[in-house]
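J.: One structure, as structure tokens, below. Some questions next.
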Amino acid sequence: MKFDLRPRSISIKLWAAITALILVVLGGLGITITLLFGDFYFQQTLDTLGNEVKEISHYLGEQPNWSQRLFAIDEIRLSSDTQMVVIDRYSEIIAIKGGNVAASFGTNDRIGWGDVSGEMSWLIRSLYPSDFLSRTDIAEVLAGKVITIKAIPRNQTGQAMLIAAAPIGTPSEAIVVLGTSPAPVQDSINAFRRMTLYVSLAAVVLATLVSLVFARQVTRPLALMQKGASQMANGDFQPITGVRSRDELGELADVLNSMGESLKNHMTWLSEERNLLLGIVEGISDGVIMLDAGGEILYTNEPAKALWQGSGPDEESPERKEALMTFLREFMEDVEIDNKIHFNMDTQVLQVAMATTQFEEGKQGYVAVLRDITASLRAEKERRDFMASVTHELRTPLHLIQGYLEAIQDGVIAEEEQAENIDLVLEEAKRLAKLVMELQELDRFDNWKNFEKKEIDLASFLQELHYRFQGRADELGIHLEMDNGTGVIHANRDRLLQVFINLIENAFRHTPKGKSVNIRIIDCGDHIQFNVEDQGEGIPPQALPHIFDRFYRVDKSRSRKEGGMGLGLSIVMLIVEAHNGEIKVESEVGKGTTFKVILPK
1 MKFDLRPRSI SIKLWAAITA LILVVLGGLG ITITLLFGDF YFQQTLDTLG
51 NEVKEISHYL GEQPNWSQRL FAIDEIRLSS DTQMVVIDRY SEIIAIKGGN
101 VAASFGTNDR IGWGDVSGEM SWLIRSLYPS DFLSRTDIAE VLAGKVITIK
151 AIPRNQTGQA MLIAAAPIGT PSEAIVVLGT SPAPVQDSIN AFRRMTLYVS
201 LAAVVLATLV SLVFARQVTR PLALMQKGAS QMANGDFQPI TGVRSRDELG
251 ELADVLNSMG ESLKNHMTWL SEERNLLLGI VEGISDGVIM LDAGGEILYT
301 NEPAKALWQG SGPDEESPER KEALMTFLRE FMEDVEIDNK IHFNMDTQVL
351 QVAMATTQFE EGKQGYVAVL RDITASLRAE KERRDFMASV THELRTPLHL
401 IQGYLEAIQD GVIAEEEQAE NIDLVLEEAK RLAKLVMELQ ELDRFDNWKN
451 FEKKEIDLAS FLQELHYRFQ GRADELGIHL EMDNGTGVIH ANRDRLLQVF
501 INLIENAFRH TPKGKSVNIR IIDCGDHIQF NVEDQGEGIP PQALPHIFDR
551 FYRVDKSRSR KEGGMGLGLS IVMLIVEAHN GEIKVESEVG KGTTFKVILP
601 K
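According to full-length UniProt numbering, the sequence shown is numbered sequentially starting from 1.
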């Protein structure tokens, strides 16, 4: 993972803080050490100079006279950068030694007071005790005190000197002064300061590298956790990996992983609940519309969208949608629990139920459930019509039977006419039996449509039909023409035979003498099409949509006279649909009718 160099990143902040702390500590420590070292080195030099001046003053004090002292001074060995000056009580120079030598005094020359024997160094004006020592300092030395000072010439023209002064003899007869330049000491201090600076810089560089590594060790887990948290925010609940530390950062990573796992489980549960709810809502046949408090649509399922679908599959009808939404907004103003109302939209009748619901932050919304009850209302109407038709069909023959039997019972009908009336009663009873049988057939087809299907040889099947109906056709004077089929079809033989019996008998019933009834077979690949064609009076166009309705008869008086109940074609359609087939009808008044039965092979 790369080091984050953004100015506001915690990596840079941590590195800057550590580096600044190191700079402050090392800077303060370096300054303190150099100051302490400078003071210590100066003091050590002064102490050394003080010890040396004590030894010299003691050595000179042991000499019996000044001649011996001067010769002793000549024997004293000083370091190259140290000067020695001997002055009397009145600050007059007696002798000088050390420093840069420019000339020498001869023997027996007098310097200050006393005799000089042997060569003495010429005084170079780099050390004048009176320039550095005040009267108070001289008085303290003459009183027997050894002093060490760092002094600057009072005239501010010379260089600073390190001075040590001690008395000679007891009582003090003179003062020996040692002086040395502080330049070597200052050079040593400067060298130490440079060394300290270099070491500090090296330490800063090293500390910076260490702080970078440390910052990376700290921020790398944070970056990994930040990345993991961002992924969790985006729905990716993969555990955070790469955090190996066992400190608070490691514990934080474990907590985030635990939280991510909990969120994952919770989101999975929510997703399952949502999918379950959506599956239920999308799976139901009723339309569901969710509205906000202002009546704007928040959600609709597919059945609801189908309510305002236009002519195309992906088109909407703005008029239908606006009409429905206007109705729902009006319904929102007076919502009651279990309140259901009907709404007529074009040819549809909708049953609408609405309830209030609460969204996030306490916002109120509405859920409307819309059920298309057009088919159920139509079915209810058909049921009532069916019951009325059945009642009517039963009432007529029952009244006839009752009337004839009461007439026979009361002796109204002569005995020689009773046989004829009994035949009429028997005929009506047969009509009732046929009606009951056909009603049973309808009920069986409505509740059980899984027939056992077997291979049927078309040639033998058509031959059976021809054999069954040829005599009847000859009797009616109708020409029956039937194609010779080939191949096989999977169907229930008895039910398929029932279909064609109904269709052919219906064709015979409506075809006048001398006309033809034709049975055509058309192979359509994976389907077989049977056409039953007659040359009868035809069916009016307004009657075609109802031709398969129960108890529907085009000519009711004629159908009843010929024994038709209006149930045959309904049974035919149910049998064909049970075979996954399709039946169609084409007719032209005055020319005839064609029923097309299309069945899968």
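Note that beta-carbon positions come from the ideal geometry of N, C-alpha and C, so glycine has one too.
How should residue 116 be labelled, buried or exposed, when 16 other C-beta atoms within 10 angstroms of its C-beta is the threshold for buried?
T.: Residue mapping note: residue 116 aligns to position 116 of the sequence shown, counting from 1. Only weak support exists for where residue 116 lies, its pLDDT of 35 falling under 50; the coordinates are left without a value.
J.: For the alpha helix (DSSP H) containing residue 73, name the first residue and the last one.
T.: Residue numbering aside, residue 73 sits at position 73 when the sequence shown is read from its first letter. Counting along the chain, the alpha helix (DSSP H) containing residue 73 begins and ends at 66-75.
J.: Sorted by chain position, which residues of the same chain lie with C-beta nearer than 7 Å to residue 385's C-beta, five sequence neighbours on each side aside?
T.: The residue labelled residue 385 in the question sits at position 385 within the sequence shown. There are no such residues.
J.: Between 587, 573, 588, which has its C-alpha nearest residue 581's C-alpha?
T.: Numbered from 1 along the sequence shown, position 581 holds the residue referred to as residue 581. Of the candidates 587, 573, 588, the one whose C-alpha sits nearest the C-alpha of residue 581 is 573.
J.: Would you call the region 394-407 and the region 425-442 touching, i.e. three or more CB-CB distances under 8 Å?
T.: As far as the Cβ criterion goes, the region 394-407 touches the region 425-442, which means the pair count is three or higher.
J.: Which residue's Cα is closest to the Cα of residue 293: 305, 358, 33?
T.: For the purposes of this step, residue 293 is identified with residue 293 of the sequence shown, where counting begins at 1. When each option's Cα is compared against that of residue 293, the closest is 358.
J.: DSSP on residue 134, reduced to helix/strand/coil?
T.: Here residue 134 is taken as the residue at index 134 of the sequence shown, counted from 1. Coil at residue 134, not helix or strand.
J.: Would you report the Cα separation of residue 411 and residue 437, rounded to the nearest angstrom?
T.: Within the sequence shown, residue 411 is the residue found at index 411, counting from 1. Within the sequence shown, residue 437 is the residue found at index 437, counting from 1. Straight-line Cα distance between these residues: approximately 33 Å.
J.: Would you identify the three-state DSSP class for residue 601, choosing helix, strand or coil?
T.: Stepping through the sequence shown from its first residue, residue 601 is reached at position 601. Coil at residue 601, not helix or strand.
J.: Buried or exposed: where does residue 120 fall if 16 or more other Cβ atoms within 10 Å of its Cβ makes it buried?
T.: For the purposes of this step, residue 120 is identified with residue 120 of the sequence shown, where counting begins at 1. Note that residue 120 scores a pLDDT of 35, beneath 50, so its modelled location is shaky; the value from the coordinates is reported in the next line. Looking at its Cβ environment, which holds 16 or more other Cβ atoms inside 10 Å, residue 120 is buried.
J.: Please report the distance separating the alpha-carbon of residue 472 from that of residue 503.
T.: The residue given as residue 472 occupies position 472 in the sequence shown. The residue given as residue 503 occupies position 503 in the sequence shown. When rounded, the distance between both Cα atoms is 14 Å.
J.: So what's residue 296 in DSSP terms, helix, strand or just coil?
T.: Within the sequence shown, residue 296 is the residue found at index 296, counting from 1. The answer is coil: DSSP assigns residue 296 none of H, G, I, E or B.
J.: Are there 16 or more other CB atoms within 10 angstroms of the CB of residue 550, so buried, or fewer, so exposed?
T.: The sequence position of residue 550 within the sequence shown is 550, counting from 1. Buried, since its Cβ has 16 or more Cβ neighbours within 10 Å.
J.: Who does residue 490 pair with in a DSSP beta bridge?
T.: On the sequence shown, residue 490 is found 490 positions in, with the first residue counted as 1. Looking at the DSSP assignment, residue 490 forms a beta bridge with 455.
J.: By a C-beta neighbour count over all protein chains shown, 10 Å radius and 16 as the cutoff for buried, is residue 424 buried or exposed?
T.: Position 424 of the sequence shown, counted from the start, is the residue given in the question as residue 424. With fewer than 16 other Cβ atoms within 10 Å, it is exposed.
J.: For residue 344, which residues does DSSP report across the bridge?
T.: Counted from its first residue, the sequence shown places residue 344 at position 344. For residue 344, which the question treats as bridged, DSSP gives the partners 349.
J.: Taking 7 Å as the cut-off, decide whether the C-beta atoms of residue 465 and residue 485 are in contact.
T.: As a working mapping, residue 465 is identified with position 465 in the sequence shown. As a working mapping, residue 485 is identified with position 485 in the sequence shown. Cβ atoms of residue 465 and residue 485: not closer than 7 Å.
J.: Nearest to residue 289 by alpha carbon, out of 511, 278, 301?
T.: Here residue 289 refers to the residue found at position 289 when the sequence shown is read from its first residue. The candidate whose alpha carbon is nearest that of residue 289 is 301.
J.: Are there three or more Cβ pairs, one per stretch, closer than 8 Å when the region 68-79 is compared with the region 231-251?
T.: Judged by Cβ distances under 8 Å, the region 68-79 makes no contact with the region 231-251, as fewer than three pairs qualify.
J.: For residue 137, does the count of other Cβ atoms within 10 angstroms reach 16, so buried, or fall short, so exposed?
T.: Translated into the one-based positions of the sequence shown, residue 137 becomes position 137. By the 10 Å Cβ count, residue 137 comes out buried.
J.: Please look up how many angstroms separate the CB atoms of residue 61 and residue 148, rounded, as I've assumed it's under 8 Å.
T.: Against the sequence shown, residue 61 aligns to sequence position 61. Against the sequence shown, residue 148 aligns to sequence position 148. Not a contact, Cβ separation roughly 19 Å.
J.: Which first and last residues belong to the alpha helix (DSSP H) in which residue 221 is found?
T.: For the purposes of this step, residue 221 is identified with residue 221 of the sequence shown, where counting begins at 1. Per DSSP, residue 221 belongs to the alpha helix (DSSP H) from 183-233.
J.: Tell me where the beta strand (DSSP E) around residue 254 begins and ends.
T.: Here residue 254 corresponds to residue number 254 of the sequence shown, with the count starting at 1. Not the beta strand (DSSP E): residue 254 falls in the alpha helix (DSSP H), residues 248-283.
J.: Helix, strand or coil for residue 333 per DSSP?
T.: Here residue 333 is taken as the residue at index 333 of the sequence shown, counted from 1. DSSP places residue 333 in coil when its eight states are reduced to three.
J.: Leaving out five residues on either side along the sequence, give the residues of the same chain with a beta carbon under 6 Å from the beta carbon of residue 163.
T.: Taking the first residue of the sequence shown as position 1, residue 163 is located at position 163. Around residue 163: 132, 149, 151, 179.
J.: By DSSP, does residue 528 sit in helix, in strand, or in coil?
T.: Residue 528 sits at position 528 when you count from the first residue of the sequence shown. Three-state DSSP puts residue 528 in a strand.
J.: Flag residue 305 as yes if its beta-carbon sits less than 7 Å from any beta-carbon of chain C, otherwise no.
T.: Checking the listed chains, one finds no chain C in this structure; it contains a single protein chain.
J.: What are the start and end residues of the alpha helix (DSSP H) that includes residue 570?
T.: Residue mapping note: residue 570 aligns to position 570 of the sequence shown, counting from 1. First-last of the alpha helix (DSSP H) with residue 570: 568-578.
J.: Apply the 10 Å Cβ neighbour rule to residue 533 and answer buried if 16 or more other Cβ atoms are within range, or exposed otherwise.
T.: On the sequence shown, position 533 is the one that residue 533 refers to. Buried: at least 16 other Cβ atoms inside 10 Å.
J.: When the Cα atoms are used, what is the spatial distance from residue 387 to residue 373?
T.: Here residue 387 corresponds to residue number 387 of the sequence shown, with the count starting at 1. Here residue 373 corresponds to residue number 373 of the sequence shown, with the count starting at 1. Going by the C-alpha atoms only, they are around 21 Å apart.
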